[in-house]
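Okay, structure first, notes after.
Protein chains: 2
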Amino acid sequence: MIHLENIAKSYVNGDIRVEALKNIHLHIEKGEFVAIMGPSGSGKSTLMNILGCLDVPSSGVFTIHQQRINDFSEVELAELRNQTIGFVFQTFHLLARLSVLKNVELPMLYRGVSPKERRKRAMELLGKVGLSDRLQHNPSQLSGGQKQRVAIARALANDPDIILADEPTGNLDTMTSMEIMDILSDLNKQGVTIILVTHEEEIATFASRVITVRDGNIIEDTKDALT
Amino acid sequence: MIHLENIAKSYVNGDIRVEALKNIHLHIEKGEFVAIMGPSGSGKSTLMNILGCLDVPSSGVFTIHQQRINDFSEVELAELRNQTIGFVFQTFHLLARLSVLKNVELPMLYRGVSPKERRKRAMELLGKVGLSDRLQHNPSQLSGGQKQRVAIARALANDPDIILADEPTGNLDTMTSMEIMDILSDLNKQGVTIILVTHEEEIATFASRVITVRDGNIIEDTKDALT
Ligand SMILES: Nc1ncnc2c1ncn2[C@@H]1O[C@H](COP(=O)(O)OP(=O)(O)OP(=O)(O)O)[C@@H](O)[C@H]1O
Ligand SMILES: Nc1ncnc2c1ncn2[C@@H]1O[C@H](COP(=O)(O)OP(=O)(O)OP(=O)(O)O)[C@@H](O)[C@H]1O
Ligand SMILES: [Mg+2]
Ligand SMILES: [Mg+2]
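Protein chains in written order, with our numbering: chain A, 1 to 227; chain B, 1001 to 1227.
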């Protein structure tokens, strides 16, 4: 379903050149639950940004459902992201001038969902992540873990087929982390593909497959170990 | 050395009122290594902001070395923060328009350290956190864990007596986390007081005392358990 072949990604800024991803081969089937682990700076978020169609590879082929994403226009990419992919960012990226509720409604607005429906779904999702009493707060009026949970609720807003979560429990205590992982496990049981970056073993155990990244390459994939 | 008595902190924004801290009593001696744990939204960062003189309590007494911090002017607070306290923020707060190197030099600039000395110390600290090859990068050109490490290096710039670290390893893989904890342990052995918020048990074990916060109150303190 998701296929990366010979994927490389370099950042070039003046005389700074960083080869964030060197040569990535990756095939992920629909409905898998994949954990990505690896050292700080090894390329995990860069890989997630490519999978999430937020960034383009410098070279290589990237397909989803056999469609070549490399050939998509900006508009087509935005539409794919909005309808198919839910992204939880490592640094949240909430909109500072919108309330918690409006932040979660935003993806639905782009999809043309009615105001009444948006509000209902946003409140339901925020209830699931334990933030029913923070709906009118602004992101600056939230704790770190609360911001993270708003980012998670927002990623689920459009009922995505694929959830990409970059360190979704990095700022959460153990009990709250387990609540979040239960939500993701339930979605996975319903057929949603989950790809999550984590540095915590207890979180990686929720996945059925672990990919280890180091220095821009995949150095281990438990799927290979089993075949 | 650090003394909080009957400390309360409320946030009031229009008709939103949140009692982030309800009634905090806390005494921390010089040279202690304290871990603060507790659920998301329980008040840990709010407590850290008061300890770090970044925010004032709504009521109660706060003293450091028997000086009443409640009575300090803005200027006196800024000076105390700059010279005595190193703060690692949960969301880093790096300056977007400065290079990694300049971000770490900044606290020393305020203290009047020479450009040559600042550069030397900043490079040494960034080397310690494994970022020697990222000195000229801008924060937006760093991974999440790299930003976190720059925030850690910056907190150490002025050789503080007290280090307040809010989830300093939240975005770091296990190996890099251990390198950071070794740096903090070494500083603690040299007499630096360390207060760190974490949700990870493996990180809390580096501390000699664990305080648990829930709903704006301290519900457990391993120091009491031992007396
Ligand atoms: N500016 C503000 N206005 C209103 N409420 C606030 C504000 N800042 C924080 N809060 C609330 O105060 C409470 C405590 O926040 P705090 O950031 O101290 O929690 P925390 O224990 O650090 O949580 P986390 O583990 O998620 O980082 C939270 O419920 C939060 O919503
Ligand atoms: N815009 C950029 N310009 C230059 N280099 C960049 C840029 N963005 C990221 N990098 C570099 O690319 C490498 C990979 O970054 P990435 O964010 O993918 O790492 P990561 O594995 O997610 O790390 P972490 O665990 O710390 O979040 C890092 O070494 C980083 O410094
Ligand atoms: Mg990352
Ligand atoms: Mg916090």
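Ideal placement from N, C-alpha and C gives every residue a C-beta, glycine not left out.
Ligand 4 has a heavy atom closer than 6 Å to the beta-carbon of GLN1090 of chain B. Just measuring C-alpha positions, the residue of B:VAL1075, B:VAL1210, B:ASP1173, B:LEU1026 sitting nearest ILE1064 of chain B is B:LEU1026. PRO39 of chain A and ARG1134 of chain B have their alpha carbons spaced roughly 16 Å apart. With respect to the 7 Å criterion, GLU29 of chain A and MET48 of chain A are not classified as neighbours on the basis of their beta carbons.
Contact check for ASN1082 of chain B and PRO1107 of chain B: beta-carbon distance about 6 Å, within the 8 Å limit, so the pair qualifies. ILE50 of chain A places its beta carbon 7 Å or farther from that of LYS44 of chain A. At a cut-off of 7 Å, the C-beta of ASP1215 of chain B has no neighbouring C-beta in chain A. THR1046 of chain B has its CB nearer than 6 Å to a heavy atom of ligand 1. Using a Cβ distance threshold of 7 Å, ARG1209 of chain B and LYS1223 of chain B count as a contacting pair. Judged by DSSP in its simplified three-state form, MET181 of chain A adopts helix. In terms of beta-carbon proximity, PRO39 of chain A lines the interface with chain B, with at least one pair separated by less than 7 Å. In the structure shown, MET1 of chain A falls within a coil segment according to DSSP collapsed to helix, strand and coil.
Distances taken from the Cβ of SER143 of chain A to the heavy atoms of ligand 4 include one shorter than 6 Å.
7 Å or more divides the Cβ of ASN1103 of chain B from the Cβ of GLY1144 of chain B. Its Cα nearest to that of ILE85 of chain A, the residue A:ASP161 stands out among A:LEU142, A:ASP161, A:GLN146, A:THR174.
Runs of the beta strand (DSSP E) spanning 3 or more residues and lying entirely within the stretch 1074 to 1117 of chain B occur at 1085 to 1088, in chain order. Assignment of ASN1217 of chain B by DSSP, reduced to helix, strand and coil, places it in the strand class. Interface residue (Cβ-Cβ distance to chain A less than 7 Å): GLY1170 of chain B is classified as such.
In the DSSP assignment, LYS44 of chain A falls within the alpha helix (DSSP H) that extends over 44 to 51.
Nearest Cα to LEU1156 of chain B within the set B:GLY1127, B:PRO1115, B:THR1176, B:GLN1136: B:GLY1127.
Beta-bridge pairing by DSSP links MET1037 of chain B to B:THR1212. Nearest C-alpha to PRO57 of chain A among A:TYR110, A:VAL75, A:GLU19: A:GLU19.
Against chain B, the CB of GLY60 of chain A has no partner CB under 7 Å away; the residue lies outside that interface. Scanning A:LYS22, A:ALA151, A:GLY216, A:CYS53 for the CA closest to the CA of LEU101 of chain A turns up A:ALA151. When DSSP states are grouped into helix, strand and coil, SER1143 of chain B belongs to the coil group. By the rule that beta-carbons nearer than 7 Å mark a contact, SER1010 of chain B does not touch chain A.
At least one CB of chain B lies nearer than 7 Å to the CB of ASP173 of chain A.
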